[in-house]
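Report on the structure given below.
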Amino acid sequence: MDLTLFLLLSFGLIIIPGPNVIVIVTTSIVHGKVRGLQTVSGTSAAMIVQLLVAAIGTTWFVTAVSEGLKWLMWLGVAYLLYLGYKQIRASMSGITLSSPSAVGSFQRGFWVSLTNPKTILFFGAFLPQFVSAQQSYLAQVAVLSGIFWLMAVALDSLYALFSSKIASKLKAAPGNRFVGIFSGSLFIGAGAALAAVGRE
């Protein structure tokens with residue numbers, strides 16, 4: 014098991030913005046760091062499910078689960094596009110949208126993450142590359158999954174904290190309507206990104 018290479022590759026994969034990061038950043042910009050971190054808890058919970066499926070499932074099972082999630086993915090795409098439209102429309106009309114609840118923020122992150130059909134397939138292909146045949150497969154996958162998950166939680170949380178800090182400064186500046194339009198555009202971008210990975 015080449016742990017150093019695994020850490021470097023995992024960092025590179027996690028730090029690249031995808032649908033999860035876009036939703037976390039957008040929620041943090043619009044509703045603050047608390048709601049952003051609650052969204053992180055949702056994406057992190059979904060990742061546990063995905064890692065478990067990838068770790069204990071056969072290739073056939075992993076593929077079947079991934080295919081089964083595709084119809085849910087399109088609901089996630091529609092939801093993100095709706096959030097983006099609502100945010101842009103409210104900003105252009107000068108309306109302040111109410112903040113989602115803690116449960117709502119969690120669910121937003123959970124479903125956006127879980128319904129990405131490529132994630133389970135990725136874990137199923139990525140993790141075994143670092144498993145040694147001389148040691149217990151499940152034990153190694155459990156350790157690698159735990160490390161990847163902890164790194165994802167840490168980096169996603171940093172995204173939430175950093176973006177909320179920037180947003181607080183932008184909102185205090187004149188013409189802060191731009192913040193709402195920008196965040197709405199990010200939601201639409203997240204929907205487009207999720208749709209793109211689902212079509213590959």
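Numbering (our numbering), first residue to last: 14 to 213. Here a beta-carbon is modelled for each residue, glycine too, at the ideal position from N, C-alpha and C.
Report the rounded CA-to-CA distance for residue 86 versus residue 38, giving the unit in angstroms. Put simply, the backbone Cα of residue 86 is about 20 Å away from that of residue 38.
Could you tell me whether the Cβ atoms of residue 173 and residue 83 are closer together than 9 Å? Between residue 173 and residue 83, the C-beta spacing is not below 9 Å.
According to DSSP, simplified to helix, strand and coil, what is residue 113? Correct three-state label for residue 113: coil.
Is residue 145 helix, strand or coil by DSSP? Coil.
Quick one: Cα of residue 53 to Cα of residue 148, how far? Straight-line Cα distance between these residues: approximately 33 Å.
So what does DSSP say about residue 32, is it helix, strand or coil? When DSSP states are grouped into helix, strand and coil, residue 32 belongs to the helix group.
Neighbourhood of residue 226 by C-beta distance below 7 Å, restricted to the same chain and skipping five residues each side: Any answer about residue 226 is impossible in this case: the structure gives the chain only from 14 up to 213.
Going straight from the alpha carbon of residue 69 to that of residue 151, what length do you get? Distance between the alpha carbons of residue 69 and residue 151: 8 Å.
Identify whether residue 128 lies in helix, strand or coil by the three-state DSSP scheme. Residue 128 sits in coil when the DSSP states are folded into three classes, being neither helix nor strand.
Close Cβ partners of residue 48 (< 8 Å) along its chain, the five nearest in sequence each way excluded: So the qualifying residues of the chain are 40, 41, 112, 113, 115, 118.
Can you say whether residue 17 is buried or exposed, counting buried as having 16 or more other CB atoms within 10 angstroms of its CB? Under a 10 Å Cβ-count criterion, residue 17 is classified as exposed, with fewer than 16 other Cβ atoms of the shown protein chains found around its own Cβ.
Span separating the alpha-carbon of residue 195 from that of residue 180: Between the C-alpha atoms of residue 195 and residue 180 there is a straight-line separation of about 11 Å.
Taking 8 Å as the line, does the beta carbon of residue 30 fall inside it for any heavy atom of the ligand PLP? As presented, the structure is devoid of all ligands, the ligand PLP included, so that no description of it is given.
With a threshold of 16 other CB atoms inside 10 Å of the CB of residue 15, please say whether the residue is buried or exposed. Residue 15 should be labelled exposed.
With distances taken from CA atoms, which of 132, 178, 176 is nearest residue 67? For residue 67, the nearest C-alpha among the options comes from 132.
Can you have a look at residue 96 and say buried or exposed, based on whether 16 or more other CB atoms are within 10 angstroms of its CB? Classification of residue 96: buried, given that the 10 Å Cβ count is 16 or more.
Sequence-distant residues of the same chain with beta carbon closer than 7 Å to residue 136, five excluded per side: In the same chain as residue 136, and ignoring 5 residues on each side of it, the C-beta atoms closer than 7 Å to its own belong to 63, 64, 67, in chain order.
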